[in-house]
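Numbered according to our numbering, the sequence shown spans residues 4 to 351.
All C-beta atoms, glycine included, are put in the ideal place defined by N, C-alpha and C.
Keep in mind it's a predicted model, so treat the numbers as computed, not measured.
Input: a single structure, listed below in C-alpha cells.
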Amino acid sequence: MTSPREPRVLAIESSCDETAAAVVVGPRVLSSVVSSQIEVHRPFGGIVPELASRHHVDAVLPVVREALSRASLRLDELDALAVTEGPGLVGALLVGVQVARGLALSTGLPLYGVHHMEGHLWSAFLGDDRAEARPFVPHVALLVSGGHTELVDVSGLGRYRMLGATRDDAAGEAFDKVGKMLGLPYPAGPVIDRLAKEGRPDAHAFPRAMADQDNFDFSFSGLKTALVQHVQRRGPPESRQALVDLCASFQAAVADVLVLKARRAVAHAGRGQLDIVGGVAANSGLRERATVAAAEDGFEVVLAPLRYCGDNAAMIAAAAAARITAGVAPRVDVHTAVALDDSRVALP
Ligand code: KG4
Ligand code: ZN
C-alpha cells in the first residue's frame, strides 16, 4: 500500500515586519522567501505599523512569485494555501490575508488561517535540503519572540496547554529595549548576542526574576530596570570591554530564567522533549544553556533551525499541512490578540 501524498502548501506571513512566502510538502520546505523591512524601521528604533503595511503591499506579490519559482511549482500544482491570521499588526495581517483570499478565489484552493505562534511551534519540525524533517512528538515548547514568552505543553495538533507566560515584557522585547538604551541598532537581540560572545556573563549579577517562584511565569521588566539603574549609576559603557560584559551579563540573566523555568516545565508535564522556537530561539546563550540542561536532566532539546527562528512562511505552511493531514476544515479568522491555547483548531 502506498502512503497518501503529503500536501503541497503555499503560505504567506505578514504579521509584523517580514513579508514572507514559502512552499512546503508536509513538513519539508521547498522554498522559503523572506523580505525583511528592518532597514525601513531601524531609523525609528522600532516598528512603525503604517510603514509595515505599505511595505507588505509592495513586497507580497514578488515574494509569492519567488517562492513558487524556487519551488518549481505552479499554483495549479498546489493542494492548499495558508496565511497567518494573527496575532500581529492588523494592517500588516490584512495584506497577507487579502492576497491569500484573492489567490484562493482565483484558484479554487482551500485556505487555512494559522495562528502565528502555532506556526513557530511547527518551525522545530521543518526539514529541507540541509536537514531532515522531524516527526511530531508530544513536548513542552518554549516560545520566545519579540511579542511572546510562553511555556506550552503541546500534546498534539490544536492541543496546547499554556503552562506559563511573561507577566510584562517578552524576552525579545527586553533585548530590544536594553539594546536601545545602550545605543545599539534595532533589533538589538542579534547584536547583543554577538557582543555577549566577547564578554563575561558573570561580570554583573543581574536579577533572575521569579526564579524562586513555583510557577512557569516570567518577568523581564525588573531586569530592564536593573540595567537602566546600572547605567545611571556608572554611566554608559565607555570601553568595548565594558559594553560586552554588560551584554553578556544581561543575556545570561535572560537565558538562565528561560532555561530554569523550561526544565521545570518539562519535568512537571512529564515530557521527554523541549522545543525552543521563535526569534529569541536563535540566541546562542539560550541554545547553549538549554543543551546543557537537557543533558543534565536527560530530556531531548530540539532547537528550531537558525534559518527558521525568525518570522517565515515555511512554519505557517507546515502547520497548515499538518491540519490538512489531520482532516481539519479550512477557515480563516483574522485576529490581533487571540492566545495560542484559545486558537480554535476544529479537529474532526
Ligand atoms: O519571532 P520573531 O522574528 O518575531 C516575532 O514574532 O516577534 O522575533 C523577533 C525578536 C526580536 O525581539 C529580536 O531582537 C529577537 O527576536 N532576536 C534575538 C536574536 N535574534 C532575534 N534575541 C536574542 N538573540 C538573538 N540571536
Ligand atoms: Zn514570530
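Beta-carbon proximity list for residue i, same chain, < 6 angstroms, skipping 5 on both sides
| i | result |
| --- | --- |
| Leu54 | Val43 |
| Val100 | Val86, Val337 |
| Ala268 | Val143, Leu154, Leu166, Phe219 |
| Asp259 | Arg211 |
| Asp196 | Asn286, Ser287 |
Where residue i falls: helix, strand or coil (DSSP)
| i | result |
| --- | --- |
| Ala2 | Look at the range of the chain in this structure, 4 to 351, and you will see that residue 2 is not part of it. |
| Val257 | helix |
| Val335 | coil |
| Arg57 | helix |
| Val117 | strand |
| Met4 | Unreliable placement is indicated for Met4, whose pLDDT of 48 sits below 50; no coordinate value is reported for it. |
| Tyr311 | helix |
Alpha carbon of residue i to alpha carbon of residue j, nearest angstrom
| i | j | result |
| --- | --- | --- |
| Asn315 | Ala23 | 6 angstroms |
| Ala14 | Glu88 | 11 angstroms |
| Asp172 | Pro204 | 22 angstroms |
| Gly192 | Val283 | 7 angstroms |
| Asp215 | Val63 | 46 angstroms |
| Arg31 | Trp125 | 11 angstroms |
| Ser252 | Pro240 | 13 angstroms |
| Gly49 | Leu81 | 36 angstroms |
With 16 other Cβ atoms within 10 Å as the buried cut-off, status of residue i
| i | result |
| --- | --- |
| Asp79 | exposed |
| Val231 | exposed |
| Gly330 | exposed |
| Leu84 | buried |
| Leu350 | exposed |
| Gln235 | exposed |
| Leu343 | buried |
| Lys264 | buried |
| Ser346 | buried |
Cβ-based neighbour list, residue i, same chain, cut-off 8 angstroms, excluding 5 preceding and 5 following
| i | result |
| --- | --- |
| Ala270 | Asp300 |
| Val341 | Gly89, Pro90, His118 |
| Glu176 | Gly149, Gly150, Phe223 |
Best match in the options for proximity to residue i [C-alpha to C-alpha]
| i | options | result |
| --- | --- | --- |
| Ser224 | Ser18, Val102, Arg292, Phe178 | Phe178 |
| Ser18 | Pro52, Glu241, Val32, Ala255 | Pro52 |
| Val28 | Leu350, Asp345, Ala332, Ile327 | Ile327 |
| Val257 | Ala174, Ala298, Ala285, Ile279 | Ala174 |
| Tyr115 | Val12, Ser287, Arg8, Ala298 | Val12 |
| Leu97 | Arg57, Ala208, Ala307, Arg133 | Arg57 |
| Gly159 | Ala298, Phe139, His233 | Phe139 |
| Val67 | Phe47, Val234, Ser38 | Ser38 |
| Leu198 | Arg243, Phe128, Gly130 | Arg243 |
| Val181 | Thr152, Val147, Phe221, Leu226 | Leu226 |
| Arg133 | Met318, Pro65, Pro308, Arg334 | Pro308 |
Close Cβ partners of residue i (< 7 angstroms) along its chain, the five nearest in sequence each way excluded
| i | result |
| --- | --- |
| Ser34 | Ala25, Val26, Ala70, Arg73, Ala74 |
| Ala296 | Val262, Arg266 |
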